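*Asks:* After the structure tokens below, expect a handful of questions from me.
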Amino acid sequence: MQQNIVLNKRYAKALLTLAGENNVLERSYADMKTIHRVFAQNKELSVLLKSPVIRLSKKQNIINRLFDRSIHPLMQNYVRIILRKQRGFMLEGIALAYLDEYKKLHGIEKILLITAFPMDDQIRQQAVVAAKRLTDCEVEFEHKINPDIIGGFILRLGEKQYNASVKHRLSLLRTHMNL
Amino acid sequence: MSELKPSEISAILRQEMAGFHPETELEETGTVLQVGDGIARIYGLSNAWAGEMIACNDNGLTGIVLNLEEDNAGIVLLGDCRRLREGDIVKRTGRIVSIGVGEGLLGRVVNTLGRPIDEKGPVEGDLYQMPLERKAPGVIYRQPVNEPLQTGIKAIDAMIPIGRGQRELIIGDRQTGKTGIAIDAIINQRENYEKGEPVYCIYVAIGQKGSTVAGVVEKLQQYGAMDYTVVVSATASEPASMQFFAPFTGAAIGEFFRDTGRHALVFFDDLTKQAISYREVSLLLRRPPGREAFPGDVFYLHSRLLERAAKILASDDMAARMNDIPDSIKHKVKGGGSLTAIPIVETQAGDVSAYIPTNVISITDGQIFLESNLFHAGVRPAINVGVSVSRVGGNAQMKNMKKVAGTLKIDQAQYRELEAFARFGSDLDPDTQYVLDKGVRNMELLKQPQYKPLPAEEQIVILYCGTKGLLMDLPLKKIKQFEQEIIRYMREKKPDVMDQLKQDVINGDIMETIESAAKDTIQLLLDQVQ
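Chains as they are written, first to last, in numbering that gives the first Met the number 0: chain A, 0 to 178; chain B, 0 to 529.
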């Protein structure tokens, strides 16, 4: 997915400039989210676009039928160019890089909270408020459930993480006791 | 099995957990993009330092940042890379790789991370954190080499003397006795240990067979040398990163003794294999290959390692001001310590002009060159005296040894030159014949069995007889016996002279005593023949 970070970033930045010039930033952000979701949910799509056995015209047909109605014409053209350059399989990575670049441009921070159990709405609301206090920027809040951490929570904010999980504490205890 | 009450168990647990306060801190993380062949590429970690330790998971797998690139960091993993997967989260530790060093390490076999691998339980006593990568002491904290380091090998102590703080290379083909010299030199430090002035030894085995390392440890144990020795082992089955960091571990252990005012001797066996592991890691990290596909900084790899060998000024004040002393040992720093480094390099078919041998030759203060044809001709240790040198050891040699063996090297060079000529002609003038006879006897004297290092005074007695030409009447095959006899004679009848020789004294009386002892011994041996 993130095999070619430099290249993904370059494509994403180009699109960001283009979208800015055409005043369709908001729309492009939503479109890219759609594209990313479609690719993330259907791993076969990337495989299909990478396959040299399938003709370009067929790939184009598939993409057209998938996105023609849902995305802005500018984005359609953009996707078409990438397909024509045989880099369709990179679309997912480009979409992800675009979302990152967009957030960077607008000062949006993504916060990921991992807990062992589902949270009720009240705690969730408190978590969002607490998360907002951590940064000055606008916050995009995501919540994941991972029973592996046993209890507690892990809060990830960009590259930083606050690990208050029971699993982590147990491993600290193990190091402390030299087991 | 005795039964434990629940209350006792909880008491033990409480005791064990005393002092454990898990505090959650803000951690800096990265995501694994790619992992394999002992290296991993990490997305994120944008604040990481080069050389920083990275905690890869909760099970203690660590990595070291080697490459910092625009969009990712390349790290080498010190452990099994199958325990890490794509998408895993890794954390910065904010620490440079370091190991715990202390007196408790003596007698132990440890791995590159300083963890014991000899099944003798955890390392006991206080441990001080010493960084693997550390700058060498600056110029003003160093002293010229002036104190001898006796290896107990006649050929080395007489002609290629090594001083404390020196870097002397042992170079030669496979199976020429390189490791043998190292083991003998370690065994010879037993005397210092018993005197209470130990020279701590560190033997770093890089990329060797586990059985070879076990053999070395067994030999050292057998001769009582493990009491003052640490063995660092990175066998061939360990990841390349563990192998190329192993000499740095050895240097870090040596520096602990050096900076606390004691003497240490470290052997790197061998740097060729270390360079090969480094090449492997560098190529996997996509660093550009150079000559023989080694990366451009393979010279720096060895020079920065060997530069850490030093003799520190005797003044404690100056030593305390030394650069880059780790915080953990700041209160223990003393002057007058030394770290002697003996790297070993293996050549292919005697080719010293290959890349790694030329590099290490140019870094070190001299080399001991071993040859396989000498080895097979029965000259053991198989030292080629002609091309072996010690550039600084002369100042450190014992004065009496210098006086006795000063001409030995030139004599032997002359002998070898004439020997080549003498093969053609049969008529030789008496002078030439004398040089040849003396040379061949000296060759015989310089032979020495393995695991039998000699104290300095015994070496001097033996070599005195050789350089003065006292053995001309003795048949060649009697030389070995002569050595034993004269040593026994001197030990039994002239212990005071032996003591004086040990104290670095030489005078006319002593020389006369040795001469008369030699005469008596030769007479005794000749009588036996008839």
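Positions of the beta carbon are idealized from the N, C-alpha and C atoms, including for glycine. Everything numeric in this text was worked out from a predicted model, so none of it was measured.
#1: Who are T259 (chain B)'s beta bridge partners in DSSP?
#2: Cβ closer than 8 Å: which chain B residues qualify as neighbours of H142 (chain A)?
#3: Provide the residue span of the alpha helix (DSSP H) that contains V378 (chain B), from first to last.
#4: Assuming L445 (chain B) and Q480 (chain B) are in contact, meaning their beta carbons sit under 8 Å apart, how far apart are those beta carbons, in whole angstroms?
#5: For the alpha helix (DSSP H) that contains L283 (chain B), what are its first and last residues?
#6: Less than 7 Å between CB atoms is the rule here; does R9 (chain A) satisfy it with respect to chain B?
#7: Could you check the C-alpha separation between I63 (chain B) and I74 (chain B) for me, to the nearest Å?
#8: Expressed to the nearest angstrom, what Euclidean distance is found between the alpha-carbon atoms of I98 (chain B) and L112 (chain B)?
#9: If we count the other Cβ atoms within 10 Å of its Cβ and call it buried at 16 or more, is H301 (chain B) buried or exposed?
#10: Between the Cα of V496 (chain B) and the Cα atoms of B:Q483, B:I513 and B:R487, which residue gives the shortest distance?
#11: Determine whether the Cβ of V5 (chain A) lies closer than 7 Å to any Cβ atom of chain D.
#12: Among B:V265, B:G260, B:F293 and B:H262, which one has its Cα closest to the Cα of S276 (chain B)?
#13: So is E237 (chain B) buried or exposed if we call it buried at 16+ other beta carbons inside 10 Å?
#14: Given this structure, state the Cα-to-Cα distance separating V344 (chain B) from D172 (chain B), to the nearest angstrom.
#15: What residues from the segment 92-121 of chain A come within 9 Å of chain B, judged by C-beta to C-beta, listed N to C?
#16: Taking DSSP as the reference, what is the three-state secondary structure of Y354 (chain B)?
#17: Strictly by DSSP, which residues pair up with G29 (chain B)?
#18: Just to make sure I have the definition right: I need the residues of chain A whose C-beta is within less than 8 Å of the C-beta of G113 (chain B). Which are they?
#19: Let me make sure I understand the geometry here. Which of B:Q458, B:L469, B:M471 and B:K501 has the alpha-carbon closest to that of A157 (chain B)?
#20: Could you check whether the Cβ of T150 (chain B) sits closer than 7 Å to any Cβ belonging to chain A?
#21: Could you check what DSSP says for G507 (chain B) in three-state terms: helix, strand or coil?
#22: Let me check one thing: in DSSP terms, what residues is Q570 (chain B) bridge-paired to?
#23: Inspect the beta-carbon positions of V231 (chain B) and T248 (chain B) and report whether they are closer than 7 Å.
#24: Exposed or buried, T16 (chain A), counting other C-beta atoms within 10 Å across all chains shown (16 or more means buried)?
#25: So the beta strand (DSSP E) M129 (chain B) belongs to, where does it begin and stop?
#26: Following a CB-centred definition, is Y42 (chain B) positioned closer than 6 Å to any heavy atom of the ligand COA?
#27: Is DSSP giving E418 (chain B) helix, strand or coil here?
#28: Find the residues of chain A that neighbour N71 (chain B), judging by a C-beta separation of less than 8 Å, and give them in chain order.
#29: Locate the alpha helix (DSSP H) running through Y97 (chain A), then write down its first and last residues.
#30: Output, in chain order, the set of chain B residues within a Cβ distance shorter than 7 Å of L171 (chain A).
#31: Would you call G19 (chain A) buried or exposed, if buried means 16 or more other Cβ atoms sit within 10 Å of its Cβ?
#32: Closer than 7 Å between beta carbons: that is the criterion. Which residues of the segment 15-38 of chain A meet it against chain B?
#33: Helix, strand or coil for V528 (chain B), going by three-state DSSP, please let me know.
#34: Per DSSP, what are the beta-bridge partners of K109 (chain A) in this structure?
*Replies:* To lay it out plainly:
#1: B:K333
#2: Those do not exist, as H142 (chain A) stays about 17 Å from chain B at its closest Cβ, beyond 8 Å.
#3: Careful: V378 (chain B) lies outside any alpha helix (DSSP H) and carries neither H nor E.
#4: The pair is not a contact, with the Cβ atoms about 16 Å apart (cut-off 8 Å).
#5: L270 to L283
#6: no
#7: 5 Å
#8: 6 Å
#9: buried
#10: Cα-wise, what sits closest to V496 (chain B) is B:I513.
#11: Of the chains in the structure shown, none is chain D; the protein chains are A and B.
#12: With distances taken between CA atoms, S276 (chain B) lies nearest to B:F293 out of B:V265, B:G260, B:F293 and B:H262.
#13: buried
#14: 9 Å
#15: none
#16: helix
#17: Bridge partners of G29 (chain B): B:G43 and B:V89.
#18: Here the premise fails: no neighbours, minimum Cβ distance about 14 Å.
#19: B:Q458
#20: no
#21: helix
#22: There is no way to answer for residue 570 (chain B), as the model of chain B reaches only from 0 to 529.
#23: Yes, the Cβ-Cβ distance between V231 (chain B) and T248 (chain B) is below 7 Å.
#24: exposed
#25: Y127 to P130
#26: With respect to small molecules bound, the structure shown includes none, and the ligand COA cannot be examined in it.
#27: Helix.
#28: I4
#29: Per DSSP, Y97 (chain A) belongs to the alpha helix (DSSP H) from L90 to H105.
#30: Result: P21.
#31: exposed
#32: For the segment 15-38 of chain A, no residue has a beta-carbon sitting nearer than 7 Å to a beta-carbon of chain B.
#33: helix
#34: A:E139
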